[in-house]
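Protein chains: 4
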Amino acid sequence: MSAPVTATLLVGCRDRTGLVAALSEFVFANGGNILDADQHSESESGQFFMRLVWDLSAFRLDRPRLGEAVRDLAKRFDLRWDLTYSDQRPRVAVFASRTPHCLYDLLLNHQLGEIGGDIVCVVSNHADLAPVAAHFDVPFEIVPVGADKPAAEAAQERLLADRRVDVVVLARYMQILSPGFVARWEGRIINIHHSFLPAFVGARPYHQAKERGVKIIGATAHYVTSQLDQGPIIDQDVCRVSHRDNVEAMVRKGRELERQVLTRAVRLHLEHRVLVSGNRTIVFG
Amino acid sequence: MSAPVTATLLVGCRDRTGLVAALSEFVFANGGNILDADQHSESESGQFFMRLVWDLSAFRLDRPRLGEAVRDLAKRFDLRWDLTYSDQRPRVAVFASRTPHCLYDLLLNHQLGEIGGDIVCVVSNHADLAPVAAHFDVPFEIVPVGADKPAAEAAQERLLADRRVDVVVLARYMQILSPGFVARWEGRIINIHHSFLPAFVGARPYHQAKERGVKIIGATAHYVTSQLDQGPIIDQDVCRVSHRDNVEAMVRKGRELERQVLTRAVRLHLEHRVLVSGNRTIVFG
Amino acid sequence: MSAPVTATLLVGCRDRTGLVAALSEFVFANGGNILDADQHSESESGQFFMRLVWDLSAFRLDRPRLGEAVRDLAKRFDLRWDLTYSDQRPRVAVFASRTPHCLYDLLLNHQLGEIGGDIVCVVSNHADLAPVAAHFDVPFEIVPVGADKPAAEAAQERLLADRRVDVVVLARYMQILSPGFVARWEGRIINIHHSFLPAFVGARPYHQAKERGVKIIGATAHYVTSQLDQGPIIDQDVCRVSHRDNVEAMVRKGRELERQVLTRAVRLHLEHRVLVSGNRTIVFG
Amino acid sequence: MSAPVTATLLVGCRDRTGLVAALSEFVFANGGNILDADQHSESESGQFFMRLVWDLSAFRLDRPRLGEAVRDLAKRFDLRWDLTYSDQRPRVAVFASRTPHCLYDLLLNHQLGEIGGDIVCVVSNHADLAPVAAHFDVPFEIVPVGADKPAAEAAQERLLADRRVDVVVLARYMQILSPGFVARWEGRIINIHHSFLPAFVGARPYHQAKERGVKIIGATAHYVTSQLDQGPIIDQDVCRVSHRDNVEAMVRKGRELERQVLTRAVRLHLEHRVLVSGNRTIVFG
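Structure, rendered in structure tokens:
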């Protein structure tokens, strides 16, 4: 039995009476069977967030008309919204440099069909990881990043356009992207930071952690914004360390965390479970 | 600003099209503002579960009429349901024996106003913990449990009736309750088992754990059913142990887990976040 | 069977060949049976750390002569050291203000005999927690802290001297201690910070955490130094939060963490398992 | 700077006075600098365990004479012991079937030089994973397991002998090994069980876990003995699940756990940190 095709609607807006009813009634009245409804109202900020998933088998609106209807709802309730279909899998580009662990994890999960999207290419400024991409049958593109950064980014943008990429994942990419690139891809670039943010922002966090004698280290996956390491956090995780862990051992433990957290964050994003609100995320787990 | 009075509706039934819409439309049509809606459909079992919380400030049905209306909905959709009001706090009796840690935790959280209900009495077969109850200004009742168990249980039942108790919490009570008692309180007695069930069912789990050389121990809060230690699990937690932990150290770590897990489970129950389905629970966290 | 009286020696020094042999041979040659030996050499810093525990039943040196012998060893190897006896339990003063949860946890663990020391008084700037200390039969002393801080600290110092206090535990005390006080008690004051340091240093960490949208919060127990919130970390722990947790819920979860971490850190210190090296700790777990 | 060559001695015996001193004195008297000493005495069982690592740079005994000296010590103190050298890396064979995730994790960690040994071949009853081994430049051997199990095991034993294998790792191998094979490799075969043992022994643990409604699932790495799934546990880990996780999601989360726990256990074993005592392990972490 194959899973039915579904629509997923993410909405955020100022809270007001009747939103849950209006949205679920809209789906029901048009023949959709709601499979998952998750809603959250925040009394402090007065914001309303909802994720609705419904079966399209007996739904009476085709996609153009559904889009139009959602736009009408959005106007009426002043909604920020995102509408996606389960048979249109997001197309992902992974940016990597020389460090393989996050890339392996993404590609293996992709191969197992467990990432909720399609990795359509790996982009790197070095050739080192080409065999990894080849092993998983994913195209590999080298875009050297030298003195002329704008040219490199232009080449990257062309690649992303050619391959109709929806989401960029930075799998330990190690290069700073320009504000323009970041702005164009806002809400669609995910980075893994090798630290439990907001502690140890910046470089060499494990050295900082060792020096500070912390007992727990972490990793953080977040959307990239113009504020370095300050974008909305999607997921985090931690593990214990002790004086017995030297910096190398911390790096190794951190590596474990990085790939777990990045893959989890990518999956949450590709399954349309993440809503950004200001500098925070609402994650419908 | 005081929080508004709310109604909470928990429902479970066979899944069918339109349930989310029907339930949320019902609330909206009568002037209720939905504050929290959480729904889960289980494709394997074909079951539907939902928790709806709404503000009663502008709701147009009074409580008798709301009750009637929910009964009508229940008949129409064949719902199992539970309807509660935030201004009618559940009344809790804690059964304890001689071990104080879980009792302290419940009473302290109660005093801090963080348990979602009122602890109206502590019942024990020993006098040891009377000062603890007194310290927190909660009535303490001794019901010795000797050869005549039915008499003891009859006395307990009278106490529970006199104090209009809704929920019984076994805080390391250490006595087996009769099938009759358990049946009368089904879904309303919570126990803490000092083990990560289903491992180490039965007595002396830390000795068993030590002997087996496990690296992680746990504790489990569950509803009591006629099957000893087999009732629906509400919450569990674990912590690491090593060969350096002797049985005493395991007991101490286990004690920490027990009180955390029991208090958390009691709070989840008293906030009407737990639905029982067969031998499992759905916990709307 | 009562446990034998033991000696515990903690040493730190520059690493050199033969330290483990010299120290263990010293114990053995004098008739001591080593119950626990834990050693750590740090290649980065070239430091050596060791914790030795031995049974004194058949030990041939009395305490004055043992002290002298250890001083000789210390001179020979240039050791920092600490020598303690299991029958001389450390005497603890808990400083608290109005928040009860950490105080309860310390006093309950003390009552259960599981803290490795004796809580000889509770000192507070408010009367609120007097009944808690009374309930656990621990003397309670009010030292108001007003405009004349030096006078208040002088009164506190007199109390600590009168009661022969070895260790001061700040159980959510909320007052800044003077540099002089801190210097006199260096390595012997433990604080709980309601945050996963070094993130969210300073006030209202849960508000900061909520605003930043972190997915994990933590608590940190550390020695107090003249650098606010920057002293050597003894223990930390974390728990998950989500958008569903408002600031109040974070405070509640944080409270759970605070008392667990503080009690654990106090136990580690009182069992002489913590060595300070620079701004870090070595914890022999 | 390359790390110095070290010797690692693991010993277990009945506890008696002077063991730490005798062992460390032996190393020191022969010019060895102890880098790591970790010892544990168990009062319940009266057992003594120790792990000693020392720098061989200035050690005065060559390997044959060191071996002889250790045999003498072993006779004198009735020791079980294991002596290894850091420049003689253990040779590992990984047995796999069709499931790739554990194999990838071991091979990637091997490639990164972080497993403490050399993976010298992958043995499988199917051809599916040949490209994975090839990608990491590790020889792949197919040994079909059909009706004639003894013949298959004889072929496996020949392979292990040819490649001078020290340790066999079952990376989701899915085949039952004969008692003879297990006995010959006792203490040198590591398996990953996709469950938090001792709960859910046997097949389809995630289905069992789903049905029982547990809130936490786990994985367990253990030595293989003649008692199926009952051998000494090396490491375990857990993660949270909820009603939102169907069996597939549990399998995916479990897979994450399996590979982490197996790789960690293999590393602990290859770094000579694990001592077996009866049916338990002492892990010098």
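Chains as they are written, first to last, in this note's numbering: chain A, -1 to 283; chain B, -1 to 283; chain C, -1 to 283; chain D, -1 to 283.
Ideal Cβ positions, reconstructed from N, Cα and C, are used throughout, including at glycine.
Of the choices the options, whose alpha-carbon is the least far from that of residue i?
i	options	result
residue 122 of chain D	D:110, D:153 and D:109	D:153
residue 173 of chain D	D:249, D:274, D:150 and D:39	D:150
residue 180 of chain A	A:218, A:140 and A:228	A:228
residue 226 of chain A	A:201, A:84, A:237 and A:8	A:201
residue 269 of chain C	C:130, C:283, C:275 and C:257	C:283
residue 108 of chain A	A:131, A:82 and A:247	A:131
residue 169 of chain B	B:192, B:183 and B:176	B:192
residue 55 of chain B	B:93, B:88, B:3 and B:261	B:3
residue 210 of chain A	C:86, C:196, C:75 and C:218	C:196
residue 276 of chain B	B:148, B:145 and B:12	B:12
residue 110 of chain A	D:238, D:53, D:158 and D:98	D:98
residue 96 of chain C	C:76, C:87, C:125 and C:32	C:125
residue 16 of chain A	B:16, B:25 and B:17	B:25
Looking at the structure shown, is residue i part of a helix, part of a strand, or coil, going by DSSP?
i	result
residue 42 of chain D	coil
residue 26 of chain C	helix
residue 63 of chain D	helix
residue 155 of chain B	helix
residue 210 of chain A	helix
residue 138 of chain B	strand
residue 171 of chain A	coil
residue 53 of chain B	strand
residue 238 of chain B	strand
residue 179 of chain B	helix
residue 205 of chain B	helix
residue 228 of chain C	coil
residue 292 of chain B	Look at the range of chain B in this structure, -1 to 283, and you will see that residue 292 of chain B is not part of it.
Starting from residue i, find everything on chain B with Cβ-Cβ shorter than 7 angstroms and list it in chain order.
i	result
residue 86 of chain C	Those within 7 angstroms of residue 86 of chain C in chain B number zero; the least Cβ separation is about 21 angstroms.
residue 83 of chain C	Here the premise fails: no neighbours, minimum Cβ distance about 21 angstroms.
Just to confirm my understanding: we take residue i, look at its own chain, exclude 5 residues before and 5 after, and list those with CB closer than 6 angstroms. What are they?
i	result
residue 142 of chain D	123
residue 223 of chain A	229
residue 103 of chain B	257 and 261
residue 118 of chain C	89 and 161
residue 85 of chain D	3
residue 35 of chain D	50
In chain C, which residues lie less than 7 angstroms from residue i when you measure between Cβ atoms?
i	result
residue 31 of chain D	15
Ordered along the chain, which non-local residues of its own chain (more than five positions away) have a Cβ less than 7 angstroms from that of residue i?
i	result
residue 38 of chain D	47 and 280
residue 208 of chain A	245 and 248
residue 79 of chain B	7, 8, 9, 68 and 72
Note down, in chain order, every chain A residue with its Cβ under 7 angstroms from the Cβ of residue i.
i	result
residue 23 of chain B	19 and 23
So which residues on chain B does residue i lean against when the C-beta distance must stay under 8 angstroms?
i	result
residue 37 of chain A	32, 34, 35 and 36
residue 279 of chain D	211 and 241
Quick one: list the residues of chain C neighbouring residue i, beta-carbon separation under 9 angstroms, in chain order.
i	result
residue 270 of chain B	Ordered by position in chain C, no residue passes the 9 angstroms Cβ test against residue 270 of chain B, which lies about 15 angstroms from the chain.
Once you ignore the five residues that flank residue i on each side, which residues in its own chain have a CB closer than 8 angstroms to its CB?
i	result
residue 58 of chain D	28 and 29
residue 106 of chain D	134
residue 21 of chain C	7, 9, 48, 50 and 71
residue 271 of chain C	49, 281, 282 and 283
Name the chain A residues that come within less than 9 angstroms of residue i, Cβ to Cβ?
i	result
residue 256 of chain D	By Cβ distance, chain A contributes nothing, its closest Cβ being about 13 angstroms from residue 256 of chain D, past 9 angstroms.
I want to verify the contact list: residues of chain D whose CB lies under 8 angstroms from the CB of residue i, in sequence order.
i	result
residue 99 of chain A	106 and 110
Let me check you understand the geometry: is the CB of residue i closer than 7 angstroms to at least one non-hydrogen atom of the ligand ZN?
i	result
residue 99 of chain C	With respect to the ligand ZN, the structure offers nothing, as it holds no ligand at all.
Which chain D residues are close to residue i, counting only those with a beta carbon under 9 angstroms from its beta carbon?
i	result
residue 57 of chain C	Neighbours of residue 57 of chain C on chain D: none; closest Cβ ~11 angstroms, over 9 angstroms.
Using a beta-carbon distance cut-off of less than 9 angstroms, what residues from the segment 104 to 131 of chain D approach chain A?
106, 107, 109, 110, 112, 129 and 130
Listed from N- to C-terminal order along the chain, which residues in the segment 203 to 215 of chain C have their beta-carbon within a distance smaller than 9 angstroms of any beta-carbon of chain B?
none
Residues of the segment 234 to 249 of chain D whose Cβ lies closer than 7 angstroms to any Cβ of chain B, in chain order
234, 236, 240, 241, 242 and 244
Near-chain C residues of the segment 170 to 196 of chain A (beta-carbon distance less than 8 angstroms), N- to C-terminal order:
194, 195 and 196
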